[in-house]
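Asker: Numbering (the working numbering), first residue to last: 97 to 317. Think of the CB as a built atom: it goes at the ideal place given N, C-alpha and C, for glycine as much as any other residue.
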Amino acid sequence: MLSQGATLVYASSSSVYGAGTQMPFSVRAGADHPLSMYGVTKRTNELMAHSYSYLFGLPTTGLRLFTVYGPWGRPDMVMFKFARAILDGHPINVFNNGHMKRDFTYIDDVVESIVRVMDVVPTPDPKWSSERPNPNSSVAPFRLYNVGNQHPVELVEVIALLEEALSKKAIRNLLPLQPGDVPATFADAADLEQETGFPPRTPIRDGIGRFVEWYRSFYKL
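Structure below.
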């Protein structure tokens, strides 16, 4: 049970924006055309959270996370897969020929955002109108925030930075865009900064450098 003045904080994803092309992606715009089943499940989480907020007065805060990376991440995610393959001399699959853009967000920035947003308890929005609905708020105690670095970079740049940090070149297997994938993501985190005073801001070069330093130490390379 939540204590008084607390909010349920849950992870959503930038994948909910799917077919959207108006960038940067804003929580004040619609997100009803996800292209992957993963995006569908995250959007469903948001809709269920809204229903709980309305029916039971439960304050809920959804965080749309943009391409999180860094130490202690999942081994099946791109930084881990690429680092391991590069060091082992195996080829890496580079979809969309490396020209897709992602708003890579360092894990420390994500953690800081979560900690800060826990103190921002949603309340019903008195200005909310069904005639001009704001997807970010509601008549229920419900909010959504983007958590992204607001500086998308091409995958080819990420690979180059990994090569530099690892002191080894990648063997690249260039492939077309995967079905259900999107060519670019770009977060508008203005609402997050306004409510918490914190915008994610770790430069991709710094984040990759810290990740590689941790990776070498953890795997004793």
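Helix, strand or coil for Val174? Go by DSSP, reduced to three states.
Answerer: The residue given as residue 174 occupies position 78 in the sequence shown. If DSSP states are grouped into helix, strand and coil, Val174 belongs with the helices.
Asker: Name the one or two DSSP bridge partners that Val105 has.
Answerer: For this step, residue 105 is matched to residue 9 along the sequence shown. Per DSSP, Thr157.
Asker: Which residue spans inside the stretch 158 to 222 form an unbroken beta strand (DSSP E) run of at least 3?
Answerer: Qualifying beta strand (DSSP E) stretches, in chain order: 187 to 191.
Asker: Looking at Ala125: is its Cβ nearer than 9 angstroms to the Cβ of Arg139?
Answerer: The residue given as residue 125 occupies position 29 in the sequence shown. The residue given as residue 139 occupies position 43 in the sequence shown. Result no, Cβ atoms of Ala125 and Arg139 do not sit closer than 9 angstroms.
Asker: From the DSSP output, in three-state form, read off Tyr241 for me.
Answerer: The residue you call residue 241 lines up with position 145 of the sequence shown. It is a strand residue.
Asker: Contact defined as beta carbons within less than 8 angstroms: I believe Leu251 pairs with Val190. What is the distance between those atoms, to the nearest angstrom?
Answerer: Translated into the one-based positions of the sequence shown, residue 251 becomes position 155. Translated into the one-based positions of the sequence shown, residue 190 becomes position 94. Indeed, because the Cβ distance is near 7 angstroms, the residues count as touching under 8 angstroms.
Asker: Rounded to whole angstroms, how far is the Cβ of Thr201 from the Cβ of Pro155, which I believe are closer than 8 angstroms?
Answerer: Counted from its first residue, the sequence shown places residue 201 at position 105. Counted from its first residue, the sequence shown places residue 155 at position 59. With 8 angstroms as the limit, Thr201 and Pro155 do not qualify as a contact, their Cβ atoms being about 24 angstroms apart.
Asker: Ordered along the chain, which non-local residues of its own chain (more than five positions away) have a Cβ less than 7 angstroms from that of Met97?
Answerer: If you number the sequence shown from 1, residue 97 lands on position 1. Confidence in Met97 is poor, its pLDDT being 49 and thus under 50, which makes the residue's placement too unreliable to answer from.
Asker: Tell me the rounded alpha-carbon separation between Leu230 and Trp224.
Answerer: Within the sequence shown, the letter at position 134 stands for residue 230. Within the sequence shown, the letter at position 128 stands for residue 224. The identity of residue 230 in the sequence shown is Asn, whereas the question assumes Leu. If you take the alpha carbons of Asn230 and Trp224, they lie about 7 angstroms apart.
Asker: Under the three-state reduction of DSSP, which class applies to Val278: helix, strand or coil?
Answerer: For this step, residue 278 is matched to residue 182 along the sequence shown. Here Val278 sits in coil by DSSP.
Asker: Which of the three DSSP states, helix, strand or coil, is assigned to Val235?
Answerer: Within the sequence shown, the letter at position 139 stands for residue 235. Note: Val235 maps to coil in three-state DSSP.
Asker: Quick check on the DSSP output: the beta strand (DSSP E) that includes Arg268 runs from which residue to which?
Answerer: For the purposes of this step, residue 268 is taken as the residue at position 172 of the sequence shown. Counting along the chain, the beta strand (DSSP E) containing Arg268 begins and ends at Ile267 to Leu271.
Asker: If you drop the 5 nearest sequence neighbours on each side, which residues of the same chain put their C-beta closer than 8 angstroms to that of Leu161?
Answerer: Translated into the one-based positions of the sequence shown, residue 161 becomes position 65. Excluding residues within five positions, the ones whose Cβ falls inside 8 angstroms are Ala107, Ser108, Ser109, Ser110, Thr201, Val206, Val243 and Gly244.
Asker: Can you say whether Arg239 is buried or exposed, counting buried as having 16 or more other CB atoms within 10 angstroms of its CB?
Answerer: Translated into the one-based positions of the sequence shown, residue 239 becomes position 143. Flag for Arg239 reads buried.
Asker: Please report the distance separating the alpha-carbon of Lys316 from that of Glu309.
Answerer: Along the sequence shown, read from residue 1 onward, the residue named residue 316 stands at position 220. Along the sequence shown, read from residue 1 onward, the residue named residue 309 stands at position 213. Whole-angstrom Cα-Cα distance: 10 angstroms.
Asker: For the putative contact between Phe121 and Ala283, defined by C-beta atoms under 8 angstroms, what is the C-beta separation to the nearest angstrom?
Answerer: Taking the sequence shown and counting its residues from 1, one reaches residue 121 at position 25. Taking the sequence shown and counting its residues from 1, one reaches residue 283 at position 187. About 6 angstroms separates the two Cβ atoms, so the contact holds.
Asker: Taking the alpha helix (DSSP H) that Phe307 belongs to, which residues open and close that run?
Answerer: Counting from one through the sequence shown, the residue named residue 307 turns up at place 211. Element bounds for Phe307: Ile300 to Phe314.
Asker: Quick one: what does DSSP say Glu250 is sitting in, helix, strand or coil?
Answerer: Here residue 250 corresponds to residue number 154 of the sequence shown, with the count starting at 1. Residue state, collapsed to three classes: strand.
Asker: Distance check for Val235 and Val105, CA to CA, integer angstroms please.
Answerer: Residue numbering aside, residue 105 sits at position 9 when the sequence shown is read from its first letter. Residue numbering aside, residue 235 sits at position 139 when the sequence shown is read from its first letter. Going by the C-alpha atoms only, they are around 18 angstroms apart.
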